[in-house]
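Residue numbers (this note's numbering): 6 to 186. Glycine residues also receive a C-beta, built at the ideal position from the N, C-alpha and C atoms.
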Ligand SMILES: Nc1ncnc2c1ncn2[C@@H]1O[C@H](COP(=O)(O)OP(=O)(O)O)[C@@H](O)[C@H]1O
Ligand SMILES: [Mg+2]
């Protein structure tokens, strides 16, 4: 096998997998399990941005990511990268977007003690498919996995099966939430 090229099944070679999704959908936890299972290096992009100061400013305590600098930093990376900002970046990778029913996501973010407005912003982004829409603009191969009724372990298994072509990408529909808000 060529260096830096990973194999899931016979016809499924790739250099980089990206896991994106709204904060709280479970990227960090699921990515750890997937990376371990595939034996891939794992990059937590939110942490990378902080540690390598790949941001231009801070708005209300939130870092504004320097996208060109991050793109440059990730060029040539082989492995699994996870972070919500990745949906906005064009990378030669397969992209998995984790999805969570807005009501369940709200409960997860409350447990995280996020501020009210921050919870609403994130739940709205999820309901409006924000990350998926960007991911589809930026990646050729975009897969979705619904975490709503799955544990992190079940989600990770599903991600592996979807990447391997053994299960189809999940379809989600949060219009019900939109109509009630
Ligand atoms: N199916 C699931 N997959 C991943 N995380 C889940 C799941 N169900 C509940 N969680 C919980 O959701 C929270 C958010 O997980 P985390 O990995 O930090 O998300 P993210 O990195 O997307 O912000 C954690 O407390 C995690 O235990
Ligand atoms: Mg995270």
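Can you tell me the Cα-Cα spacing of residue 104 and residue 51, whole angstroms?
Straight-line Cα distance between these residues: approximately 18 Å.
Going by DSSP, which residues form a beta bridge with residue 49?
Answer is 87.
In the DSSP assignment, find the unbroken alpha helix (DSSP H) run with residue 180 in it and report its ends.
Unbroken alpha helix (DSSP H) run through residue 180: 180 to 184.
Could you check if residue 89 is buried or exposed, using at least 16 other CB atoms within 10 Å of its CB as the buried criterion?
With 16 or more other Cβ atoms within 10 Å, it is buried.
Return the CA-CA distance between residue 36 and residue 70, expressed in angstroms with no decimal places.
Near 21 Å, if we compare the C-alpha coordinates of residue 70 and residue 36.
Which residues are close to ligand 1, meaning CB closer than 6 Å to any heavy atom, in chain order?
Checking every Cβ against the heavy atoms of ligand 1 under 6 Å gives 26, 28, 29, 30, 31, 32, 33, 34, 35, 113, 152, 155, 156, 157, 160.
How many Å lie between residue 30 and residue 63 at the Cα?
Cα-Cα distance, rounded: 24 Å.
Just curious, the alpha helix (DSSP H) that residue 212 is in, first and last residue?
Lying outside 6 to 186, the shown extent of the chain, residue 212 is not represented and no answer is given.
Does DSSP put residue 26 in a helix, in a strand, or in coil?
Looking at residue 26 - three-state DSSP - the assignment turns out to be strand.
Within its chain, find whatever has a CB closer than 6 Å to the CB of residue 48; leave out the 5 residues flanking it on each side and keep chain order.
Result list for residue 48: 86, in chain order.
So is residue 163 buried or exposed if we call it buried at 16+ other beta carbons inside 10 Å?
When all chains shown are included, residue 163 counts as buried.
Taking 8 Å as the cut-off, does the CB of residue 51 come closer than this to any heavy atom belonging to ligand 2?
Indeed, a heavy atom of ligand 2 lies less than 8 Å from the Cβ.
Out of 181, 166, 182, which one is the CA nearest neighbour of residue 175?
Looking at the Cα atoms, 166 is the closest of the given residues.
Quick one: is residue 67 buried, meaning 16 or more other Cβ sit within 10 Å of its Cβ, or exposed?
Exposed, since its Cβ has fewer than 16 Cβ neighbours within 10 Å.
Given that a residue counts as buried once 16 or more other Cβ atoms are within 10 Å of its Cβ, and exposed if not, what is residue 131?
Label assigned to residue 131: buried.
With hydrogens ignored, establish whether the beta-carbon of residue 87 is closer than 8 Å to any heavy atom of ligand 2.
Yes; taking the cut-off as 8 Å, the Cβ of residue 87 has a heavy atom of ligand 2 nearer than that.
For a cutoff of 9 Å on Cβ pairs, would you count residue 117 as touching chain D?
Annotation note: the requested chain D is absent from the structure, which comprises a single protein chain.
Taking C-beta to C-beta, are residue 22 and residue 84 nearer than 9 Å?
The answer is yes: Cβ separation under 9 Å.
Might you give, ordered along the chain, the residues of its own chain that have their beta carbon closer than 7 Å to the beta carbon of residue 183, omitting 5 neighbours on each side?
For residue 183, where only same-chain residues beyond five positions count, the Cβ hits under 7 Å are 132.
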